[in-house]
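Asker:
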Amino acid sequence: MNEEFTFTIKSIRFDEDYHPSENTRITTNFANLARGESRRENLRNALKMIDNRFNALAHWDNPQADRYSVDLEIISVELNVGVEGANDSFPLIEILKTIIIDKKTDKRIDGIAGNNFSSYVRDYDFSVLLPDHNRKRSSFSVPDNFGGLHGKLFKHFVHSNAYKEKFKKAPVICLSASSSRTYRRTENQHPVLGVEYQQDQHSLTDQYFGKMGLRVRFFMPPGGVAPLAFYFSGDLPNDYSNLKLIGTISTMETFQKIYRPEIYNANSTAGKFYQPSLQNRDYSLTQIVYDREERSRLAIEQGKFAHEHFIKPHQATLEQWFASYAL
39 MNEEFTFTIK SIRFDEDYHP SENTRITTNF ANLARGESRR ENLRNALKMI DNRFNALAHW
99 DNPQADRYSV DLEIISVELN VGVEGANDSF PLIEILKTII IDKKTDKRID GIAGNNFSSY
159 VRDYDFSVLL PDHNRKRSSF SVPDNFGGLH GKLFKHFVHS NAYKEKFKKA PVICLSASSS
219 RTYRRTENQH PVLGVEYQQD QHSLTDQYFG KMGLRVRFFM PPGGVAPLAF YFSGDLPNDY
279 SNLKLIGTIS TMETFQKIYR PEIYNANSTA GKFYQPSLQN RDYSLTQIVY DREERSRLAI
339 EQGKFAHEHF IKPHQATLEQ WFASYAL
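Each number in my numbering comes from the position in the sequence shown (counting from 1) with 38 added on.
1. Report all residues from its chain with a CB closer than 6 Å to the CB of R222; omit the five preceding and five following residues, and keep chain order.
2. Could you check if R298 is buried or exposed, using at least 16 other CB atoms within 10 Å of its CB as the buried criterion?
3. Between the segment 299-310 and the segment 145-158, do three or more beta carbon pairs fall short of 8 Å?
4. Once the 5 residues before and after L130 are set aside, which same chain residues still bring their CB inside 6 Å of it?
5. For F348, which residues from the same chain have a beta carbon less than 6 Å from its beta carbon, with the 5 sequence-adjacent residues on both sides left out?
6. Apart from the five residues just before and just after R335, which ones in its own chain have a Cβ nearer than 7 Å to its Cβ?
7. Helix, strand or coil: how does DSSP classify A337 here?
8. Decide if F178 is buried, meaning its Cβ has at least 16 other Cβ atoms within 10 Å, or exposed.
9. Would you say A84 and A94 are within 9 Å of each other, going by their C-beta atoms?
10. Residues in the same chain with beta-carbon distance under 7 Å from R255, minus the five sequence neighbours each way, listed in chain order, please.
11. For Y328, which option in Q294, F360, L356 and E357 has the closest C-alpha, if you only look at C-alpha atoms?
12. Look at the alpha carbon of Q340 and the alpha carbon of S107, and state the distance between them as a whole number of angstroms.
13. Give me the residue from Y201, R160, G186 and I301 with the minimum Cα distance to K249.
14. Tell me V210's beta-bridge partners as DSSP assigns them.
15. Could you tell me the alpha carbon to alpha carbon distance between F360 and T292, rounded to whole angstroms?
16. Quick one: measure Cβ to Cβ for P314 and S217, integer angstroms, because I've assumed they're closer than 8 Å.
17. Shortest alpha-carbon distance to L231 belongs to which of I287, A151 and S165?
18. Using beta-carbon positions only, say whether V119 and K342 come within less than 9 Å of one another.
19. So D413 is in the alpha helix (DSSP H); what residue range does that whole segment cover?
20. Helix, strand or coil for V196? Go by DSSP, reduced to three states.
21. Give me the DSSP bridge partner(s) of D109.
Structure, rendered in C-alpha coordinates:
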(Lines of atoms letter the chains of each structure in order from A and count residues from 1; the text may use other names and numbers.)
(Lines give C-alpha, C1' and ligand atoms only; values in the text may rest on other atoms or scores of the structure.)
Protein backbone atom coordinates (compact mmCIF):
# COMPACT_ATOMS: atom_id res chain seq x y z
CA MET A 1 0.00 0.00 0.00
CA ASN A 2 2.86 2.46 0.68
CA GLU A 3 3.68 2.52 -3.03
CA GLU A 4 0.24 4.00 -3.69
CA PHE A 5 1.07 7.16 -1.71
CA THR A 6 3.94 9.19 -3.14
CA PHE A 7 4.84 12.84 -2.78
CA THR A 8 5.68 15.69 -5.11
CA ILE A 9 7.54 18.63 -3.58
CA LYS A 10 7.42 22.10 -5.10
CA SER A 11 9.02 25.27 -3.80
CA ILE A 12 8.68 29.00 -4.38
CA ARG A 13 10.56 31.90 -2.85
CA PHE A 14 8.74 33.95 -0.23
CA ASP A 15 9.69 37.57 -0.86
CA GLU A 16 7.96 40.89 -1.49
CA ASP A 17 6.95 39.72 -4.99
CA TYR A 18 5.29 36.54 -3.68
CA HIS A 19 1.74 35.72 -4.84
CA PRO A 20 -0.07 32.67 -3.41
CA SER A 21 -0.66 29.89 -5.92
CA GLU A 22 -4.11 28.45 -6.55
CA ASN A 23 -3.30 25.42 -4.39
CA THR A 24 -2.01 27.44 -1.42
CA ARG A 25 -4.17 27.39 1.70
CA ILE A 26 -5.22 31.00 2.02
CA THR A 27 -5.28 30.73 5.81
CA THR A 28 -1.55 30.02 5.72
CA ASN A 29 0.35 32.71 7.61
CA PHE A 30 2.55 33.76 4.71
CA ALA A 31 -0.30 33.64 2.17
CA ASN A 32 -2.47 35.86 4.32
CA LEU A 33 0.17 38.58 4.29
CA ALA A 34 0.38 38.51 0.49
CA ARG A 35 -3.20 39.57 -0.23
CA GLY A 36 -4.94 42.95 -0.41
CA GLU A 37 -3.80 46.47 -1.07
CA SER A 38 -1.04 46.35 1.54
CA ARG A 39 0.47 43.07 0.32
CA ARG A 40 3.87 44.39 -0.82
CA GLU A 41 4.32 46.62 2.24
CA ASN A 42 3.22 43.72 4.48
CA LEU A 43 5.78 41.40 2.96
CA ARG A 44 8.60 43.95 2.98
CA ASN A 45 7.98 44.83 6.63
CA ALA A 46 7.69 41.20 7.75
CA LEU A 47 10.94 40.23 6.01
CA LYS A 48 12.74 43.20 7.56
CA MET A 49 11.47 42.19 11.00
CA ILE A 50 12.86 38.68 10.45
CA ASP A 51 16.29 40.00 9.41
CA ASN A 52 16.44 42.41 12.36
CA ARG A 53 15.53 39.70 14.85
CA PHE A 54 18.05 37.30 13.34
CA ASN A 55 20.90 39.81 13.66
CA ALA A 56 19.91 40.68 17.20
CA LEU A 57 20.21 37.00 18.20
CA ALA A 58 23.33 36.30 16.08
CA HIS A 59 25.22 39.19 17.63
CA TRP A 60 28.72 37.67 17.78
CA ASP A 61 31.13 38.94 15.07
CA ASN A 62 28.26 41.16 13.96
CA PRO A 63 29.01 44.66 15.32
CA GLN A 64 26.68 46.53 12.93
CA ALA A 65 23.83 44.00 13.36
CA ASP A 66 23.57 43.60 9.60
CA ARG A 67 25.72 40.56 8.77
CA TYR A 68 22.83 38.18 8.04
CA SER A 69 19.61 38.04 6.10
CA VAL A 70 17.06 35.24 5.79
CA ASP A 71 15.63 33.84 2.58
CA LEU A 72 12.44 31.81 2.86
CA GLU A 73 11.16 29.05 0.60
CA ILE A 74 7.54 27.89 0.71
CA ILE A 75 7.56 24.11 0.36
CA SER A 76 4.30 22.70 -1.04
CA VAL A 77 3.75 18.96 -0.75
CA GLU A 78 1.27 17.12 -2.95
CA LEU A 79 0.16 13.62 -2.04
CA ASN A 80 -0.25 11.39 -5.08
CA VAL A 81 -2.86 8.68 -4.58
CA GLY A 82 -2.56 5.73 -6.95
CA VAL A 83 -0.01 4.62 -9.50
CA GLU A 84 2.62 7.29 -10.08
CA GLY A 85 2.08 9.04 -13.41
CA ALA A 86 -1.64 8.26 -13.48
CA ASN A 87 -2.69 9.43 -10.07
CA ASP A 88 -4.94 11.76 -8.19
CA SER A 89 -2.99 14.45 -6.29
CA PHE A 90 -4.02 16.53 -3.27
CA PRO A 91 -2.23 19.56 -1.73
CA LEU A 92 -1.39 17.92 1.59
CA ILE A 93 1.10 20.12 3.47
CA GLU A 94 2.91 23.45 3.26
CA ILE A 95 5.97 24.29 5.33
CA LEU A 96 8.73 26.89 5.25
CA LYS A 97 12.45 26.40 4.80
CA THR A 98 14.94 29.04 5.90
CA ILE A 99 18.16 29.86 4.07
CA ILE A 100 20.63 32.05 5.96
CA ILE A 101 22.68 34.53 3.95
CA ASP A 102 26.04 35.39 5.55
CA LYS A 103 26.97 38.62 3.79
CA LYS A 104 30.44 38.68 5.37
CA THR A 105 31.50 35.34 3.87
CA ASP A 106 29.07 35.37 0.95
CA LYS A 107 27.74 31.95 1.97
CA ARG A 108 24.23 30.48 1.85
CA ILE A 109 23.53 28.23 4.83
CA ASP A 110 20.65 25.76 4.74
CA GLY A 111 18.29 26.38 7.63
CA ILE A 112 15.54 24.22 9.09
CA ALA A 113 12.54 22.88 7.19
CA GLY A 114 9.19 23.03 8.97
CA ASN A 115 8.80 26.33 10.83
CA ASN A 116 5.26 27.30 9.85
CA PHE A 117 3.03 24.25 9.31
CA SER A 118 -0.10 24.24 7.17
CA SER A 119 -2.38 21.30 6.42
CA TYR A 120 -5.82 20.87 4.86
CA VAL A 121 -6.33 17.60 6.75
CA ARG A 122 -5.57 19.31 10.06
CA ASP A 123 -8.18 21.95 9.14
CA TYR A 124 -10.64 19.12 8.58
CA ASP A 125 -9.81 17.47 11.90
CA PHE A 126 -10.01 20.61 14.05
CA SER A 127 -12.56 22.76 12.17
CA VAL A 128 -15.00 20.13 10.88
CA LEU A 129 -14.61 16.70 12.50
CA LEU A 130 -14.05 17.85 16.11
CA PRO A 131 -16.95 20.39 16.21
CA ASP A 132 -19.30 17.86 14.57
CA HIS A 133 -18.30 15.23 17.12
CA ASN A 134 -19.07 17.57 20.06
CA ARG A 135 -22.14 19.34 18.69
CA LYS A 136 -24.72 17.41 20.76
CA ARG A 137 -22.49 16.29 23.61
CA SER A 138 -22.77 17.66 27.13
CA SER A 139 -19.01 17.47 27.71
CA PHE A 140 -16.05 17.84 25.38
CA SER A 141 -14.42 14.74 23.93
CA VAL A 142 -12.32 13.77 20.92
CA PRO A 143 -13.20 11.15 18.30
CA ASP A 144 -11.45 7.79 18.33
CA ASN A 145 -8.08 7.91 16.56
CA PHE A 146 -8.32 11.71 16.30
CA GLY A 147 -5.33 12.86 14.27
CA GLY A 148 -4.28 9.31 13.48
CA LEU A 149 -4.57 9.54 9.70
CA HIS A 150 -2.91 12.96 9.58
CA GLY A 151 -0.09 11.71 11.82
CA LYS A 152 0.65 8.70 9.64
CA LEU A 153 0.55 10.78 6.46
CA PHE A 154 3.04 13.24 7.98
CA LYS A 155 5.39 10.48 9.16
CA HIS A 156 5.15 8.81 5.75
CA PHE A 157 6.19 12.09 4.14
CA VAL A 158 9.13 12.71 6.49
CA HIS A 159 10.42 9.17 5.88
CA SER A 160 9.85 9.31 2.12
CA ASN A 161 12.57 9.47 -0.49
CA ALA A 162 11.08 12.78 -1.66
CA TYR A 163 11.77 14.37 1.74
CA LYS A 164 15.19 12.79 2.24
CA GLU A 165 16.37 13.90 -1.20
CA LYS A 166 15.55 17.55 -0.45
CA PHE A 167 16.15 17.92 3.30
CA LYS A 168 19.06 16.71 5.39
CA LYS A 169 17.44 16.94 8.82
CA ALA A 170 14.05 16.28 10.41
CA PRO A 171 11.58 19.19 10.48
CA VAL A 172 11.01 21.56 13.39
CA ILE A 173 7.62 23.25 13.65
CA CYS A 174 7.21 26.37 15.77
CA LEU A 175 3.82 27.47 17.13
CA SER A 176 2.32 29.79 19.71
CA ALA A 177 2.06 28.62 23.28
CA SER A 178 -1.51 27.66 24.25
CA SER A 179 -3.72 30.20 26.03
CA SER A 180 -5.38 27.30 27.88
CA ARG A 181 -2.19 26.19 29.64
CA THR A 182 0.03 27.59 32.39
CA TYR A 183 3.79 27.57 31.94
CA ARG A 184 6.48 27.50 34.61
CA ARG A 185 9.97 28.90 34.00
CA THR A 186 12.78 26.42 34.69
CA GLU A 187 16.47 26.91 35.44
CA ASN A 188 17.47 25.49 32.06
CA GLN A 189 18.74 28.08 29.61
CA HIS A 190 20.12 27.75 26.07
CA PRO A 191 22.21 30.57 24.52
CA VAL A 192 19.88 30.87 21.50
CA LEU A 193 16.62 29.13 22.39
CA GLY A 194 16.62 30.98 25.70
CA VAL A 195 14.89 30.08 28.95
CA GLU A 196 12.93 26.83 28.97
CA TYR A 197 9.36 26.74 30.26
CA GLN A 198 7.32 23.65 31.16
CA GLN A 199 3.55 23.41 30.85
CA ASP A 200 1.12 22.13 33.47
CA GLN A 201 -0.33 19.49 31.12
CA HIS A 202 -0.34 18.53 27.45
CA SER A 203 -2.82 20.23 25.12
CA LEU A 204 -4.86 18.64 22.35
CA THR A 205 -2.42 20.18 19.87
CA ASP A 206 0.47 18.48 21.68
CA GLN A 207 -1.32 15.14 21.42
CA TYR A 208 -2.10 15.76 17.75
CA PHE A 209 1.52 16.55 16.93
CA GLY A 210 2.55 13.55 19.01
CA LYS A 211 0.79 11.35 16.47
CA MET A 212 2.98 13.03 13.85
CA GLY A 213 6.02 11.72 15.73
CA LEU A 214 6.84 15.09 17.29
CA ARG A 215 7.25 16.15 20.90
CA VAL A 216 7.23 19.65 22.30
CA ARG A 217 9.48 21.93 24.35
CA PHE A 218 8.87 25.58 25.19
CA PHE A 219 11.59 28.25 25.11
CA MET A 220 11.55 32.03 25.43
CA PRO A 221 14.47 33.32 23.32
CA PRO A 222 16.65 36.21 24.56
CA GLY A 223 14.77 39.47 24.04
CA GLY A 224 11.45 37.67 23.64
CA VAL A 225 8.41 38.24 25.86
CA ALA A 226 6.70 34.80 25.72
CA PRO A 227 7.75 31.19 25.17
CA LEU A 228 7.38 29.57 21.76
CA ALA A 229 6.35 25.94 21.27
CA PHE A 230 8.90 23.88 19.31
CA TYR A 231 7.69 20.54 17.91
CA PHE A 232 10.49 18.21 16.83
CA SER A 233 11.90 14.69 16.81
CA GLY A 234 15.38 13.94 18.06
CA ASP A 235 17.37 16.43 20.14
CA LEU A 236 16.31 20.02 19.47
CA PRO A 237 19.25 21.92 21.08
CA ASN A 238 21.95 19.62 19.68
CA ASP A 239 20.71 18.45 16.27
CA TYR A 240 20.77 21.96 14.79
CA SER A 241 23.39 24.71 14.82
CA ASN A 242 22.76 28.02 16.57
CA LEU A 243 22.33 29.82 13.24
CA LYS A 244 19.76 27.27 12.07
CA LEU A 245 17.81 27.66 15.32
CA ILE A 246 17.98 31.46 15.02
CA GLY A 247 16.51 31.18 11.52
CA THR A 248 13.45 29.42 12.90
CA ILE A 249 13.12 31.72 15.92
CA SER A 250 13.41 34.95 13.94
CA THR A 251 10.91 33.76 11.31
CA MET A 252 8.26 32.34 13.59
CA GLU A 253 8.51 34.96 16.34
CA THR A 254 7.93 37.59 13.64
CA PHE A 255 4.81 35.78 12.44
CA GLN A 256 3.55 35.46 16.00
CA LYS A 257 4.10 39.18 16.65
CA ILE A 258 1.87 39.85 13.64
CA TYR A 259 -0.82 37.24 14.34
CA ARG A 260 -0.83 37.16 18.15
CA PRO A 261 0.48 40.57 19.24
CA GLU A 262 -1.39 40.24 22.56
CA ILE A 263 1.10 37.48 23.46
CA TYR A 264 4.28 37.98 21.43
CA ASN A 265 4.28 41.77 21.13
CA ALA A 266 3.14 42.35 24.70
CA ASN A 267 4.66 45.23 26.65
CA SER A 268 5.54 42.95 29.58
CA THR A 269 7.62 39.77 29.72
CA ALA A 270 6.45 36.34 30.86
CA GLY A 271 7.23 35.75 34.51
CA LYS A 272 8.02 32.62 36.50
CA PHE A 273 4.47 31.41 35.99
CA TYR A 274 2.82 32.42 32.75
CA GLN A 275 -0.52 31.94 31.02
CA PRO A 276 -0.81 33.48 27.53
CA SER A 277 -3.96 35.49 26.91
CA LEU A 278 -5.48 36.90 23.74
CA GLN A 279 -7.48 39.20 26.05
CA ASN A 280 -4.34 41.11 27.04
CA ARG A 281 -4.66 44.79 26.10
CA ASP A 282 -1.14 45.93 26.96
CA TYR A 283 0.61 45.23 23.66
CA SER A 284 1.97 46.97 20.57
CA LEU A 285 0.82 46.51 16.98
CA THR A 286 3.14 45.91 14.04
CA GLN A 287 2.82 47.94 10.83
CA ILE A 288 1.32 44.92 9.08
CA VAL A 289 -2.33 44.39 8.13
CA TYR A 290 -3.86 41.05 9.12
CA ASP A 291 -7.45 39.79 9.42
CA ARG A 292 -7.54 37.12 12.14
CA GLU A 293 -11.31 36.59 11.99
CA GLU A 294 -11.16 35.85 8.28
CA ARG A 295 -8.46 33.27 8.91
CA SER A 296 -10.65 31.38 11.39
CA ARG A 297 -13.59 31.37 8.99
CA LEU A 298 -11.50 30.15 6.08
CA ALA A 299 -10.14 27.26 8.16
CA ILE A 300 -13.66 25.81 8.24
CA GLU A 301 -14.06 26.22 4.47
CA GLN A 302 -10.74 24.55 3.83
CA GLY A 303 -11.56 21.70 6.20
CA LYS A 304 -14.71 21.08 4.18
CA PHE A 305 -12.61 21.19 1.01
CA ALA A 306 -10.36 18.44 2.39
CA HIS A 307 -13.38 16.32 3.22
CA GLU A 308 -14.98 16.73 -0.21
CA HIS A 309 -11.85 16.36 -2.33
CA PHE A 310 -9.68 13.98 -0.30
CA ILE A 311 -11.26 12.25 2.70
CA LYS A 312 -14.57 11.25 1.12
CA PRO A 313 -13.48 10.21 -2.41
CA HIS A 314 -10.51 8.19 -1.10
CA GLN A 315 -12.09 6.89 2.10
CA ALA A 316 -11.73 3.18 1.33
CA THR A 317 -8.11 3.56 0.18
CA LEU A 318 -7.24 5.72 3.19
CA GLU A 319 -8.78 3.27 5.65
CA GLN A 320 -6.91 0.33 4.11
CA TRP A 321 -3.64 2.28 4.06
CA PHE A 322 -4.11 3.49 7.65
CA ALA A 323 -4.67 -0.06 8.88
CA SER A 324 -1.61 -1.45 7.08
CA TYR A 325 0.91 1.40 7.40
CA ALA A 326 3.67 1.04 9.97
CA LEU A 327 7.21 2.42 10.15
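Each residue gets a CB set at the ideal place from its N, CA and C atoms; glycine is no exception.
Answerer: Reading off the structure:
1. By one-based count along the sequence shown, residue 222 stands at place 184. Q236 and F311.
2. If you number the sequence shown from 1, residue 298 lands on position 260. Buried, by the Cβ-count rule.
3. no
4. Counting from 1 along the sequence shown, the entry for residue 130 is found at position 92. For L130, where only same-chain residues beyond five positions count, the Cβ hits under 6 Å are V115 and L117.
5. Position 310 of the sequence shown holds residue 348. Excluding sequence neighbours, F348 sits near F128.
6. Here the question's residue 335 lines up with position 297 in the sequence shown. Same-chain partners within the cutoff: there are none.
7. Within the sequence shown, the letter at position 299 stands for residue 337. A337 falls in the helix class under three-state DSSP.
8. As a first step, residue 178 must be located in the sequence shown, where it is residue number 140. Exposed.
9. Residue mapping note: residue 84 aligns to position 46 of the sequence shown, counting from 1. Residue mapping note: residue 94 aligns to position 56 of the sequence shown, counting from 1. Contact: no.
10. As a working mapping, residue 255 is identified with position 217 in the sequence shown. Closer than 7 Å at Cβ, skipping near neighbours: E234, F268 and L274.
11. Counting from 1 along the sequence shown, the entry for residue 328 is found at position 290. Checking every option, the nearest Cα to that of Y328 belongs to Q294.
12. One-based indexing of the sequence shown puts residue 340 at position 302. One-based indexing of the sequence shown puts residue 107 at position 69. Distance between the alpha carbons of Q340 and S107: 33 Å.
13. Against the sequence shown, residue 249 aligns to sequence position 211. Among Y201, R160, G186 and I301, the Cα nearest to that of K249 belongs to G186.
14. Position 172 of the sequence shown, counted from the first residue, corresponds to residue 210. G152, per the DSSP bridge assignment.
15. By one-based count along the sequence shown, residue 360 stands at place 322. By one-based count along the sequence shown, residue 292 stands at place 254. The straight-line gap from Cα to Cα measures roughly 37 Å.
16. The sequence position of residue 314 within the sequence shown is 276, counting from 1. The sequence position of residue 217 within the sequence shown is 179, counting from 1. About 5 Å; that satisfies the 8 Å criterion.
17. For the purposes of this step, residue 231 is taken as residue 193 along the sequence shown, with counting starting at 1. That would be I287, whose Cα lies nearest to the Cα of L231.
18. Position 81 of the sequence shown, counting from 1, holds the residue named residue 119. Position 304 of the sequence shown, counting from 1, holds the residue named residue 342. Their beta carbons are not under 9 Å apart, which means V119 does not touch K342 by this criterion.
19. In this structure the chain extends from 39 to 365, so residue 413 is not present and cannot be described.
20. Stepping through the sequence shown from its first residue, residue 196 is reached at position 158. Correct three-state label for V196: helix.
21. Locating residue 109 in the sequence shown gives position 71, counting from the first residue. In DSSP, D109 forms a bridge with I137.
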